[in-house]
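Report on the following structure.
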Amino acid sequence: MIKLPRIPERIRHLGHLLPFLRPYRRSMLLGALMVLITNILAAASPWILKIGVDHLTQEINLNLLAFYAALILAASLAEGVFRFAMRRILIGVSRHVEYDLRNTLFHHLQQLSGDFYQKHSTGDIMARATNDLNAVRSVLGPAIMYSLNTFFTFVTVISLLLYLNWRLALLVLVPLAAVTLAVKFFGQRIHQRFEKIQEQFSDLTTMVQENLAGVRVVKAYNQEQAFIERFQQANQEYFDRNLSLVRLSGAYNPLLTLLLGLSMVLLLWYGGGKVISGVLSLGDFAAFMSYIMMLSWPVIALGWVMNIFERGAASMGRINTVLQTQPAVRDRDTRPLERIQGDIEVQGLDFAYNGAPVLHDVSFSVKAGETLAVVGRTGSGKSTLASLLCRLHPLPDGVIKVDGRDINSIPLEQLRGAIGFVPQETFLFSDTVERNIAFGSPQAGQDGIRRAAEVSNVRQDIEEFPEGFQTFVGERGITLSGGQKQRVAISRALLVDPRILILDDALSAVDTETEERILRSLGDELQGRTALLISHRISTVSRADKILVLDRGRIVERGDHEELMKLGGYYAALYEKQLLQEELEAG
Amino acid sequence: MKPKHYHDEEALGKIYDRRLARRMFGYLKPYGTQVTIAILLLLTVAALQVAGPYLMKIGIDDYIAAGDWHGLRLLALVFVGVLLLQFVAAYAQAYVMNWTGQRIMYDLRMEIFGHFQRLQLSFFDKNPVGRLITRATTDVDVLNELFTSGVIKIFGDIFTLAGIVAAMLWINWKLALVSFAVIPLLVAATAVFKMKVRDAFRRVRTCIARINAFLQENVTGMAVVQVFGQKERQYEEFRRRNQDHRDAFLDSIFYYAVFYPVVNLIGALAVALILWYGGLQVMEGALTLGAVVAFIQYADRFYRPISDLSEKFGILQSAMASSERIFKLLDTQPSIEQDPQPYRPRQARGEIEFRNVTFAYKPGNPVLHDVSFKVSPGERVAIVGATGSGKSTIISLLSRFYEIEEGQILIDGVDVRQWDMGALRRQMAIVLQDVFLFSGTVEENIALWSSREHPAPDPKSLREAARQVHAEPFIEELEQGYQSRIAERGSSLSVGQRQLLAFARALARDPRVLILDEATSSIDTETELLIQDALDRLMQGRTSLVVAHRLSTIQTSDRIIVLHKGRIREAGTHQQLLAQKGLYHTLYQLQYKDQLKGAWASEGQDGEAISCLDRA
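Order-wise, the sequence lines are chains A and B.
Each residue of the first sequence is one higher than the last, beginning at 1 in this note's numbering.
Each residue of the second sequence is one higher than the last, beginning at 1001 in this note's numbering.
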């Protein structure tokens, strides 16, 4: 009694699936009808067998026998046609719903901003989009189909059995009911033990991983033997947990066989007695036998389906938390500007990630066409500044203005369309070099792509690849060097012909000579564009109109190269060091 | 662990490879008894499975037809007995078989892990950790499938099928032969189905891999997609891939939807044949009614073993591929071998000598050229140089992580190649730049773990060590002191605290030689002072070789070796070298001078000047 209210609670998440099922309700009804017809036809065969066997006990008419045999075949054929339709329709619907659900999930993920991706790791999101989606799909397809099938089989077969002999029917159904309970019971426990195995498996994996990642310490401190002993323990535990599963799962199939067999014994004992006393015919007996065999799968399926529903509900809950996350960055009361010029004004910007302050009272302005450089140590907040200009994170109103307008009131599409962004961590898609460069401007022609590659000094590199611009990047293609990746990313940003170009430490992996060349060719390209250069290197930033030095989220120095050199602070020290560095490299 | 990568690694091998199979069955050998028992039990189960319908036949013919109440009850009891026996045998069989399979996997994992411990560092430089982990875990589990649900089950299926066939022939060979007419149909239908489904599923798997790879990429690069305004285009691409997947699946449903009705139909055909031909036989008095009923039950049991058998091929195939990868790993020979008669002194003096050492990680690209130097017992030597000058390599070579091609490295005048590897490493304690912490308690991370040959320091001496290097105060502030668990590689500890732990780890071993690669990352002034003092204590009375990043370290060294592009360029004391105004002078200004300023101003943070250099 206490358990009853809990089940709907656990299953409740499945309610979120209803909107996805609605478009297919006609198909589902039709499918249910197919299940009903299939089951009626399936129940016919044993009945014909019954008549046939009864016939065998009397005077045998061969023609009639052949007729019964043909009838069994015909019924089975008809059943087959409907069974085919049932599976196609119902499982088909589940695949359509899965398709819709996956599209919805992806589309929703696209709307979510940086704060969501900071909270959820890629692995976590992938788990929801793969394992959880699969569990939900199992509910939609097999679980629904087998529930319907089991229901109709029960209705038809059990009513026939009751009609034949209700006492015998109730008797043979007892072990069958036990089958359902056993499947449910085992299913849950097996699942639990399986999870314990998975836990230990991940412990085992961690130990191997640590041992290999820390191989220097392991060797230097003579830990090889000790690790073998520790691994042995973990390995033994894994063995034990596997065996504890076997102790349970090993009984599963034998138990089902036993229970189904007991049903047969009851038939033989009680039913046989009824045949002797003439209450049942031998044909009835044979029909009973066939019906018991027919019920064996649905009673197994019933227990199984209940577990699928529970797991599917938990998975749907996890998917739903993603679907119900509101995008933190989105258009609200926006009006497009006629054309973005590229004036940027930042006023009193404070920003924190999960409560940890990153930027403090940052204010500056850049006029359209000017170049602003930002230098500072790792963790000083430079990259955050860049991502805020692209509105990758939610921002309070009024702190960043573009062309005098609060960026929250500019449509995202227009704002981002005006920006060419080269993020610090270069991200390229596993696609051809050409399509990577044209990522932001799919309509760009060959010439444009090649020119962009030329400006960022990567064209020659690309043309030396086996398939030139058609070369695949990434796991299945060639691996680009860090510098090549950065330069492709710069080409990608240039090709969108941005009003504002943001290079976030985008030249860190190229050597100074290449950097010099890129900066020279970029110089012309930057004419008339606003540029934000973030870097560690003086050589990258020295020509900027304005230079800001960030330290722990605050602007500590500002001015142009000359002014900052005169100031003799961080910037001047950095400059001095780089001269020494060059000297050392030459030496 | 690294995030999982979603791409279709579908390198399926051959279904059967004799060489691999023989080697794999070698692992079965120690468990001959268990395997024999499992097979005997399997035979029992198969025989008992066949008994059920036969008992039905006897019941109908001998007791029901004869109206023998008493006999019928007795038979029912026998039937129950058979069922119970079958249950016990099947359960025992599953247990023994899985026990054996798991034991073999256990052995195999031990072998692989043990093998990892013997391999040299250059192997781990070449092979990504993720791939090696897969060998010891996932690949082994795939092999388990082969043993537990593969080979032995195949025997079981064959036995069951043979038993059914024999029983039918025994009851009535004519009707049996007629019933067997459906077997080829069943085999053909199953074979065609499995083939089609395999193809369809290969397509489905490729599609799902394409979806997941795309999804993962987009989740990782979401910022790029959003900034470049390509959400719609990416969505469209995703939808297309999703659609391909759906369509591939809809195709596979077709095969399932056709297959099950076909199997049913074949079953119905068997029943129809039995009814018709059996009826004929009954009429002639050659067959009893009970036999007809038993035949109907037998025919129903053809399907399971046939379907199972065809499924085993997939398992065989992936098991072969996994075993091939595992054996390839096990066949990698460790390239650094122990000398057969190793030098194993009780106590080393602690003299280090490099004699014309040239070394390259990749052939033809040497990182050390003709390096020679000598460190006397108890001497403090610092190595300085720019990034990439080869400083860290010297440290790796000393403890014989790599084998050198030219020259000699001598400890106490004995070539490291002649040293007992364990003894050599026991004389030295190495503290690396990135402090590696294992999952475990603080205490375990200082003491590390004991083995018979290499006992870990006792709790008292490790606490003493922690106290000496100033690690104790912060350890005791942790919730459970020395017993606190270290979270995710020590992410809850500061960089400075992790270093102090590593110092304690080294000191607890009371080594003759201390080898230290100083970390470059910035540390607050207070901790920095603690570290400097700890270092001083650590080096007291030992030979020390330090890749120095601290001004205090170079100032207190007896001698400084200046390395540049793999060659020793200058050597001498701090004052001597500064006076030379050479390479050291430049390096000093670049890397160390700021620390002087910082110490005076006592505002700290200047360590970062170095990190700025290292980035370049």
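Virtual Cβ for every residue (Gly too), placed ideally from N, Cα, C.
- Of all residues in the stretch 1435 to 1460 of chain B, those with a C-beta nearer than 8 Å to a C-beta of chain A are F1436, F1438, S1439, L1448, W1449, S1450, S1451, R1452, E1453, H1454, A1456, reading in chain order.
- Chain-order list of chain A residues neighbouring D1244(B): empty, with the shortest C-beta distance near 10 Å, by a criterion of under 7 Å.
- Here W1419(B) carries a strand assignment [DSSP, helix/strand/coil].
- By the neighbour-count criterion, in which 16 or more other beta carbons inside 10 Å mark a residue as buried, T156(A) falls on the buried side.
- Around the C-beta of S121(A), fewer than 16 other C-beta atoms lie within 10 Å, and the residue is accordingly described as exposed.
- The continuous beta strand (DSSP E) containing V375(A) extends over residues 371 to 376.
- Exclusion of the five residues before and after M1168(B) leaves A1176, S1179, F1295, Y1298 as the residues of its chain whose Cβ lies within less than 7 Å of its Cβ.
- Judged by pairs of C-beta atoms under 8 Å, the stretch 197 to 209 of chain A touches the stretch 235 to 248 of chain A, as three or more such pairs exist.
- Apart from the 5 residues on each side of it in sequence, R83(A) sits with its Cβ closer than 7 Å to the Cβ of T38 in its chain, given in chain order.
- Shown here, F1436(B) sits in coil according to DSSP, grouped into three states, outside any helix or strand.
- Residues of chain A whose Cβ lies closer than 9 Å to the Cβ of T1033(B) do not exist; the shortest such Cβ separation is about 18 Å.
- The alpha-carbon of L1075(B) is positioned some 7 Å away from that of L1055(B).
- Looking at N436(A), V218(A), L282(A), L133(A), the one whose alpha-carbon comes closest to that of S1451(B) is V218(A).
- Under the DSSP assignment, Q1216(B) falls outside any beta strand (DSSP E), being part of the alpha helix (DSSP H) whose first and last residues are 1182 to 1220.
- I1411(B) places its beta carbon 9 Å or farther from that of G1481(B).
- A residue is called buried once 16 or more other Cβ atoms fall within 10 Å of its Cβ, and N1356(B), having fewer, is exposed.
- When the beta-carbon positions are compared, T130(A) and N1212(B) come within less than 9 Å of each other.
- For Q1575(B), no Cβ of chain A is located within less than 9 Å of the residue's own Cβ.
- Residue V1224(B) holds the alpha-carbon nearest to the alpha-carbon of D504(A) among S1544(B), V1224(B), V1293(B), T1206(B).
- CA-CA distance, V1381(B) to R1559(B), rounds to 5 Å.
- At a cut-off of 9 Å between beta carbons, S113(A) contacts chain B.
- Interface flag for G1026(B) against chain A is unset, since no Cβ pair is found closer than 9 Å.
- Between A373(A) and I547(A), the gap from beta carbon to beta carbon is short of 9 Å.
- Interface criterion met: the Cβ of R87(A) is under 9 Å from a Cβ in chain B.
- Under the DSSP assignment, V1546(B) falls in the beta strand (DSSP E) whose first and last residues are 1543 to 1547.
- With a beta-carbon spacing of about 42 Å, Q192(A) and R330(A) fall beyond the 8 Å limit used to define contacts.
- Per DSSP, the unbroken alpha helix (DSSP H) holding K1231(B) starts and ends at 1231 to 1284.
- When CB distances to chain A are screened at a threshold of 8 Å, the residues of the stretch 1245 to 1271 of chain B falling below it are H1245, R1246, F1249, L1250, I1253, F1254, Y1256, A1257, V1258, Y1260, P1261, V1262, N1264, L1265, G1267, A1268, L1269, V1271, in chain order.
- Proximity of the stretch 130 to 142 of chain A to the stretch 81 to 99 of chain A meets the contact definition, three or more beta-carbon pairs being nearer than 8 Å.
- The Cβ of F351(A) sits no closer than 9 Å to any Cβ of chain B.
- Per the Cβ contact rule, the stretch 380 to 399 of chain A is not in contact with the stretch 296 to 311 of chain A (fewer than 3 Cβ pairs under 8 Å).
- Contact between the stretch 248 to 264 of chain A and the stretch 1078 to 1090 of chain B is present: three or more C-beta pairs spanning the two stretches fall below 8 Å.
- Secondary structure of T1441(B) (DSSP, three-state): strand.
- If you draw a straight line from the Cα of V53(A) to the Cα of A1268(B), it is about 15 Å long.
- Under the three-state reduction of DSSP, L526(A) is assigned to coil, being neither helix nor strand.
- Three or more pairs of CB atoms, one per stretch, sit closer than 8 Å, so the stretch 1399 to 1417 of chain B contacts the stretch 1114 to 1133 of chain B.
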